[in-house]
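Here my numbering is used: the sequence shown runs in plain steps of one and ends on residue 372.
Report on the structure given below.
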Amino acid sequence: MKTTAQTIIDLFENWVPQSLSYSWDNVGLQVGDVDQTVTGVLTTLDVTEAIVDEAINLNANFIFAHHPLLFKSLKQVDLKTPIGRILQKALTHNIVIYAAHTNLDLVNGGINDMLADQLTLIHREIFIKEGSQRLYKLQVFVPEDAVNAVDDALVRSGIGHIGDYEACVYQTTGTGMFRPTDAANPYIGTSSRRERVKEMKLEYLLQASQIENALTALKGSHPYEEPVYDLIKLENKGEMYGLGRIGTLSQPHTLESLANFVKDVFQLQGLRVTGNLDQPINRIAIVGGSGDDFIDQAYQQGVDAYISGDIGFHQAQIAEELGLAVIDAGHYIESVMIEKMQSFFDHACKEAQLSIPIYGTNHSTDPFRYV
């Protein structure tokens, strides 16, 4: 069976739905045909012409990027411009380009958790909470001989997660009764005769973004012509999501030693620091990408230091006056997602029994050099 670009997108969006992104963002498909067969996946922070060339050389016709290629509306496609050449090459070589930006920033396990993992933060919490995902319960009624097949398909679709536990299902035994009409082609029973069948009710917890995939898995694995199921909206709060992470360093640091630690962990040529270099640092906040807007929130939450990128001159002055240490590690620390997302897709494809080569780019898209 061929693996389409939509299949790869579904694997990802079952974890990170587009609905998590901010309204101003442009996530999801950027270029290409979601029905085409995928020959390989290349993960990257940005999409540049060199990245597209790399995908062509690898025969990887699905590029997964964090930063959207098409962020602002295009009024024309000029093939003499960088974006024009990228679009031309992608379309000529049937390359799908997909972006997960602020939705990957906000989701649990996303960019900001990847950064926090690199810094070995403990006692971790969301820095700026944005909301919680809507929860549903799926109840499905299955004849006993088909329980394993249906359960396997539903679990593979990604539902049944409760906290740190996965593949969670509750089973109860009962009796199903029905009478097939003359137009039916029943799996069990004969037309015009009422049947009594031992069935099991399977119950799963799922998020709103998982419903479509779950129902597709259910209908593809259930033996009945008309599977019986209930989809119930719950009042329970789902998993919280939000921007950035706050946590405690696993070992004590001064601002200077923390800056050197950040520099080593993210393999940086340099970074910018405000504050007393001898100041003890214990609790920090980190936001991947441009974190210029969150100086005040970091101060209000009482952290010792704030780590982000693209910090402006005046915002750094405000932080200094507040006594908040700031480490501007640059935007490119988000490149940790290249290897992390390569691992995600490799694992997800194996779980789904898909044989697709997954690559992480070897090209740096960081435009800055330090002299």
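Positions of the beta carbon are idealized from the N, C-alpha and C atoms, including for glycine.
Specify, as a first and last residue, the run of the alpha helix (DSSP H) that residue i falls within.
i	result
residue 85	83 to 93
residue 142	Not the alpha helix (DSSP H): residue 142 falls in the beta strand (DSSP E), residues 123 to 144.
residue 55	50 to 59
residue 45	Here residue 45 belongs to no alpha helix (DSSP H); instead the beta strand (DSSP E) covers 42 to 45.
residue 226	Where residue 226 is concerned, there is no enclosing alpha helix (DSSP H), given that its DSSP letter is neither H nor E.
residue 300	296 to 301
residue 8	6 to 14
residue 38	No alpha helix (DSSP H) contains residue 38, which DSSP labels as neither H nor E.
residue 112	112 to 119
residue 103	103 to 107
What's the gap between the Cα of residue i and the Cα of residue j?
i	j	result
residue 344	residue 214	22 Å
residue 248	residue 92	44 Å
residue 287	residue 6	33 Å
residue 371	residue 271	7 Å
residue 203	residue 192	27 Å
residue 295	residue 73	23 Å
residue 266	residue 156	36 Å
residue 163	residue 75	42 Å
residue 116	residue 334	8 Å
residue 263	residue 26	28 Å
residue 43	residue 67	12 Å
residue 199	residue 135	33 Å
residue 138	residue 36	30 Å
residue 361	residue 338	9 Å
residue 244	residue 178	50 Å
residue 168	residue 246	27 Å
residue 290	residue 102	10 Å
residue 232	residue 20	20 Å
residue 256	residue 119	17 Å
residue 79	residue 24	28 Å
residue 315	residue 238	39 Å
residue 299	residue 250	16 Å
Candidates the options: which alpha carbon is nearest residue i's?
i	options	result
residue 317	84, 336 and 297	297
residue 9	102, 158, 327 and 236	158
residue 331	324, 346, 308 and 339	308
residue 14	228, 29 and 363	29
residue 107	346, 22, 143 and 79	22
residue 170	161, 130 and 117	161
residue 94	80, 109, 60 and 119	60
residue 359	113, 39, 149 and 34	39
residue 165	135, 196 and 110	110
residue 225	16, 237, 241 and 186	186
residue 65	24, 81 and 11	11
residue 241	88, 129 and 227	129
residue 364	16, 52, 4 and 24	52
residue 197	32, 321 and 144	144
residue 57	90, 221, 46 and 152	90
residue 280	273, 293, 305 and 261	305
residue 205	289, 177, 336 and 172	172
residue 184	151, 209 and 227	227
residue 48	260, 188, 71 and 41	71
residue 276	366, 328, 17 and 121	328
residue 97	62, 54 and 310	62
residue 269	310, 314 and 278	310
residue 354	314, 285 and 153	153
residue 149	219, 211 and 127	219
Let me know if residue i comes out buried or exposed under the rule of 16 or more other beta-carbons within 10 Å of its beta-carbon.
i	result
residue 124	exposed
residue 175	exposed
residue 132	exposed
residue 369	exposed
residue 301	exposed
residue 113	buried
residue 283	exposed
residue 312	buried
residue 83	exposed
residue 349	buried
residue 208	buried
residue 292	buried
residue 217	exposed
residue 45	buried
residue 104	buried
residue 77	exposed
The beta strand (DSSP E) with residue i in it runs from where to where?
i	result
residue 231	229 to 255
residue 206	196 to 208
residue 30	29 to 32
residue 329	326 to 329
residue 291	281 to 291
residue 337	No beta strand (DSSP E) contains residue 337, which is instead part of the alpha helix (DSSP H) from 337 to 352.
residue 314	That residue, residue 314, is in no beta strand (DSSP E); its alpha helix (DSSP H) goes 314 to 323.
residue 334	Taken as a continuous stretch (DSSP letters only), residue 334 belongs to no beta strand (DSSP E), as it is neither H nor E.
residue 362	Taken as a continuous stretch (DSSP letters only), residue 362 belongs to no beta strand (DSSP E), as it is neither H nor E.
Item to check | Every unbroken beta strand (DSSP E) within the segment 147 to 183, with a cutoff of 3 residues, ordered by chain | outcome: 171 to 179
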